[in-house]
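Q:
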Amino acid sequence: MAQAYVLKGGYVYDPLNNIDGEKMDIAIANGKIVEKPPKGAKTIDVSGKIVMPGGVCIHSHIAGGKVCTGRKLRPEDHRKDVEPKKPGLRSGVGHSVPSTFTTGYRFARMGYTTVFEPAVPPLKARHTHEEFQDTPILDNGGFALMGNNWFVLEYIRNNEMDKLAAYVAWLLWATKCYAVKIVNPGGVESWGWGKDVDSLDDRVPYFDVTPREVMTALAQANEKLGLPHTIHVHGNNLGHPGNYEITLETFDAVREVKPFRERKSVLHFTHLQFNAYAGTSWKDFASGGQQVAEYLNKHDHVTVDIGQVIFGDTTTMTADGPWEFRLYHITGNKWVNSDVELETGSGIVPYVFRRKNPVNAVQWAIGLEVMLSVKDPFRLCLTTDHPNGGPFYFYPKIISWLVSRKAREEMLEKVHKTAVERTTLKDLDREYSLYEIAIVTRATEAKLLGLKDRGHLGPGARADVAVYDLDPTKVDISASPEVVEKAFSAAAYTFKNGEIVVKDGQVVATPDGSTIWVKVRNLDELKELIEEDLKEKFSKYYTVSLSNYPVGMEYLPKPEVVEVGG
Amino acid sequence: MKVELTPIEKPKVPVEAEVISPDVFSGRSVEEIGELEVWRGNRKKKLKDLFRISGDAAGSSEETTIIINGDVSYAKRIGQNMSSGEIVIKGSAGMHVGAGMKGGRIVVEGDADHWAGAEMKAGVLHIKGNAGNYLGGGYRGGTGMSALKKGVYGTIIVEGNAGSEVGAWMSNGKIIVKGNVGAFAGVHMSGGIIVIHGDAGERLGGEMTGGTIVVMGRVQELLPSFEYRGEVSEVEVDGEKISGPFLSFSGDLAEDGKGMIYILKEKNPHLTTPISGC
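Heads up: the protein sequence lines correspond to chains A and B, in order. Okay, so the first sequence: first residue is 143 according to this note's numbering, each after it adds one. Okay, so the second sequence: first residue is 31 according to this note's numbering, each after it adds one.
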């Protein structure tokens, strides 16, 4: 029997159960939250501290092919941030592309317990799972890239929607992934022909489908299968001045798709900050944050995560090959671009976000502007699109900006004046409460991902708990942002499945996390529809045989399957 | 003040000897120096377990001279990051000798292993024997030899031969090799000077973007991404004139580089033949 605990006297923030800073005890037994502590439960005094569910990150690039290539590309990045070996812990390196063990430790130290890798090229899924295995403490899941996949494009062109849904179900099984990821739909395949797409109605060479068709068809397939998460979209024209317009068009494109059951949303639009730009060039670059926020406040079929920019040196990495090619031309930095057979592409370019750079200052402001302008925090998630906007371990910094206008004003003093002139950030006086922070860092994520036993502290939930050394009755969070940042940087306790993994900001235990994936119950039946197509494509075009393609369960030593449909 | 270290034994596993530095020794008595810790393989040892120590280091590091009487090719990182004073090794030195030096002088009377003077910023490293690979090179993610401040940089002199990737990633400083060098000398360099009195191996100056390489021996083949810029009668490096005539090349054009390579004409008639028809 695992040790049972009672966390006594903390201020509990559990938005999914409508608990807002109430002083109450949380009991843990056998890895779950329980109504009453069993006999022999150990009492831990957490009075004067806040208690939240373990953090859930919906979008951080932490494992797999491009992350590993990013590590190899950036030895200079690692040299300046070395984590020495400590008893029971592995050595590693941090900064923008941390090693797997360091990733696990640093997320856990912030009170995070579940993290999703949002871009798994199906052919590289094995590598992603291998790195999940070496990422301690955290539960992980991957989103499989589908927006530029030849099967997908052909089924859409031929209007074979049943086959499309069957293929999506099969691919999630074959890659042991959790959700459908779409990156620059149509654009990455066009990049294989030396082109990109500029509008939702541009046609992909040869396949003759449009980004609009790709997104709506995949959204329909996604909802038809009843997958726990909606489609997870990295939009077209990412990073381009003026791209907020295509972002709004994208939101509108999927408006008519019927959501599955009680769910309201059909689209999760990721790292919105990179797709919320106004202006026509880098010279008149400005924020489109208000426009997208206004849309989100009027419509409830879209959810977003933010992709906040952090000033400093980082490494951009995405499946969006054409964008990285542009970024290489902008920076002249070393770069990687690659093509993954029938599936997707990718690129990596180191990048420095500078305070005094007029464009970077606006980018920084847009993330906060959107987070402060979207009224319902259950529609948005806090991310940096790690490592694209900045490393994930700056989340506490972002929290301090959200809770304190003073902290934002101090930053506005230090950054280029464009942040004041070309965004509305300076005028926004909203300050997040700790309840809202709990929403955007765990509750929304768990809800959007359909993870019923995470992101809350109700009985039966997984005992993933974070305790932060911050007394909301004594500290005025708005006036002391640095105290908030410090508290969220080093959890007083992090519990993973009822086990203490972090104490006083130090990692004290490193259990293996599980791998969450989704299985469609009637997969065997669905697979018959596409069996012949799979055989044909694999024998004609793939470098691997069909039988060697699916990731076996041996790559998931601690699987956690979510079964849907059927 | 002079401190003499005489090796007692020759360990079969490497010793991490970064404490052998005037900066660390200065102001310490013989006893205190003997208590300094070093790693021998995975065991912690004291300096007195490995060396017989005499003399003292009562003064400042500038006044401190360390003399090692014998072969210490097993000892790595001697004089690493030292800022002043002198080390004389009367034998061969292990890897990373003088790496990251910020001043002072190291004389190695025997050979020096790989990474000698890596990422050095100032001072003099004089190797009387041969040097290994990455002489004055940069560690992964590092910058190679660079300047401590404007106009202050390090000098490495090798009387014998040096291995591959001499001066990799260097941005400032001077490396003089009296013998031959291996492949990739000056790879990725962006500034500084490499003078090679002997022959240079293949892919000389690959991906260099700046700096100067002078070769007085034979260069079997130059990368095709270097452009021939004509003959010069002499080359002036660091105020010193070396008489030629030299064939001059600029590159590496693959990196839009503006580095210069001067190769002695007399030893390299094959490089003057124009390439035709490809």
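Ideal Cβ placement from N, Cα and C applies to all residues, glycine included.
What residues in the stretch 207-230 of chain A bring their beta carbon closer than 8 Å to a beta carbon of chain B?
A: Per Cβ criterion, the list reads Arg-216, Pro-217, Glu-218, Asp-219, His-220 and Arg-221.
Q: With a threshold of 16 other CB atoms inside 10 Å of the CB of His-471(A), please say whether the residue is buried or exposed.
A: Exposed: under 16 other Cβ atoms inside 10 Å.
Q: Our contact map puts Ala-171(A) next to Ala-205(A) with C-beta atoms below 8 Å; I'd like the distance itself, whole angstroms only.
A: So it is not a contact: roughly 31 Å between Cβ atoms.
Q: Within 10 angstroms of its Cβ, does Gln-362(A) collect 16 or more other Cβ (buried), or is it exposed?
A: Per the 10 Å Cβ criterion, buried.
Q: Could you tell me whether the Cβ of Gly-240(B) comes closer than 8 Å to any Cβ of chain A?
A: Judged by the 8 Å Cβ criterion, Gly-240(B) is not in contact with chain A.
Q: Short of 8 Å Cβ to Cβ, which residues in the stretch 154-186 of chain B face chain A?
A: Residues Tyr-169, Arg-170, Gly-171 and Gly-172.
Q: Please report the straight-line C-alpha distance between Met-199(B) and Ile-581(A), rounded to a whole angstrom.
A: Looking at the sequence itself, residue 199(B) is Trp, so the reference to Met does not match. Straight-line Cα distance between these residues: approximately 48 Å.
Q: Tell me the rounded alpha-carbon separation between Leu-110(A) and Ala-267(A).
A: The structure shown has nothing for residue 110(A), since chain A only spans 143 to 708.
Q: Report the three-state DSSP secondary structure of Ser-407(A) (helix, strand or coil).
A: In this structure, Ser-407(A) counts as coil in the three-state DSSP scheme.
Q: Which runs of the alpha helix (DSSP H), 4 residues or longer, sit entirely within the stretch 183-208 of chain A?
A: Entirely contained in the stretch 183-208 of chain A, not one alpha helix (DSSP H) run reaches 4 residues.
Q: So Gly-449(A) and Thr-389(A) are in contact, right, with Cβ under 8 Å, and what is the actual spacing, rounded?
A: Not quite, the Cβ-Cβ distance comes to about 12 Å (not below 8 Å), so this is no contact.
Q: So what does DSSP say about Glu-61(B), is it helix, strand or coil?
A: In this structure, Glu-61(B) counts as helix in the three-state DSSP scheme.
Q: Below 7 Å CB to CB, which residues in the same chain sit around Gly-307(B) once its five sequence neighbours on both sides are set aside?
A: Residue confidence for Gly-307(B) is low, a pLDDT of 46 falling below 50, so the modelled location carries little weight; the figure read from the coordinates is stated next. Excluding residues within five positions, none has a Cβ falling inside 7 Å.
Q: In three-state terms, what does DSSP make of Lys-266(A)?
A: If DSSP states are grouped into helix, strand and coil, Lys-266(A) belongs with the helices.
Q: Taking the CB atoms as reference points, tell me whether Arg-729(A) and Glu-705(A) lie closer together than 8 Å.
A: Residue 729(A) falls outside the range modelled here, since chain A spans only 143 to 708, and no answer is possible.
Q: How is Ser-91(B) classed by DSSP in three states: helix, strand or coil?
A: Ser-91(B): helix per DSSP, three-state reduction.
Q: Could you tell me which residues DSSP pairs with Met-459(A) in its beta bridges?
A: In DSSP, Met-459(A) forms a bridge with Ile-490(A).
Q: For Glu-366(A), which option in Asn-378(A), Lys-700(A), Asn-385(A) and Lys-400(A) has the closest C-alpha, if you only look at C-alpha atoms?
A: With the sequence shown as reference, residue 366(A) is identified as Lys, and Glu is not the correct amino acid for it. Of the listed residues, the one whose Cα sits closest to Lys-366(A) is Lys-400(A).
Q: Taking Gly-174(B) as the reference, give the member of Gly-147(B), Gly-153(B) and Lys-180(B) with the closest Cα.
A: Out of Gly-147(B), Gly-153(B) and Lys-180(B), Gly-147(B) has the C-alpha closest to the C-alpha of Gly-174(B).
Q: Name, in chain order, the residues that DSSP records as bridge partners for Asp-162(A).
A: According to DSSP, which records beta bridges pairwise, Asp-162(A) is partnered with Tyr-155(A).
Q: Quick check on Val-396(A): does DSSP put it in helix, strand or coil?
A: Three-state result, Val-396(A): coil.
Q: Closer than 7 Å by C-beta to Gly-384(A): which residues in its own chain qualify, once you throw out the five before and the five after it? Chain order, please.
A: Closer than 7 Å at Cβ, skipping near neighbours: Tyr-419, Ala-420, Gly-421 and Thr-422.
Q: Where in the stretch 116-194 of chain B do unbroken runs of the beta strand (DSSP E), each at least 3 residues long, occur, reported from the N-terminal end onward?
A: Fully enclosed beta strand (DSSP E) runs of 3 or longer: 116-119, 132-138, 152-157 and 184-188.
Q: Can you check DSSP and say which residues form a bridge with Phe-279(B)?
A: Answer by DSSP bridge pairing, in chain order: Tyr-258(B) and Ile-291(B).
Q: Using 10 angstroms around the beta-carbon of Ala-144(A), count the other beta-carbons present and answer buried if the total reaches 16, otherwise exposed.
A: Exposed: under 16 other Cβ atoms inside 10 Å.
Q: Comparing the C-beta of Gly-307(B) with each C-beta of chain A, is any distance below 8 Å?
A: Because Gly-307(B) carries a pLDDT of 46, less than 50, the predicted location of this residue cannot be relied on, and the following value inherits that uncertainty. No, Gly-307(B) does not count as interfacial toward chain A.
Q: Sorted by chain position, which residues of the same chain lie with C-beta nearer than 6 Å to Glu-189(B)'s C-beta, five sequence neighbours on each side aside?
A: These residues qualify, in order along the chain: Lys-158 and Lys-208.
Q: Since Gly-207(A) and His-269(A) should fall inside the 8 Å C-beta cutoff, what is the C-beta to C-beta distance between them, to a whole number of angstroms?
A: The Cβ separation is near 5 Å, so the contact holds.
Q: To the nearest angstrom, how far is the alpha carbon of Asp-654(A) from that of Gln-275(A)?
A: Each residue's alpha carbon lies about 7 Å from the other.
Q: Quick check on DSSP: helix, strand or coil for Ile-672(A)?
A: Of the three classes helix, strand and coil, the one that applies to Ile-672(A) here is helix, per DSSP.
Q: Could you please give the first and the last residue of the uninterrupted alpha helix (DSSP H) stretch that includes Thr-242(A)?
A: 242-251 is the extent of the alpha helix (DSSP H) around Thr-242(A).
Q: Which residue or residues does DSSP assign as beta-bridge partners of Asp-778(A)?
A: Beyond the ends of chain A as shown, which are 143 and 708, falls residue 778(A); an answer cannot be given.
Q: Compare the Cα-Cα distances from Val-68(B) to each of Val-49(B), Glu-139(B), Asp-86(B) and Glu-62(B) and report the closest residue.
A: Among Val-49(B), Glu-139(B), Asp-86(B) and Glu-62(B), the Cα nearest to that of Val-68(B) belongs to Val-49(B).
Q: For Met-31(B), tell me which candidate among Ala-177(B), Leu-234(B), Ile-97(B) and Tyr-164(B) has the shortest Cα-Cα distance.
A: Nearest C-alpha to Met-31(B): Ile-97(B).
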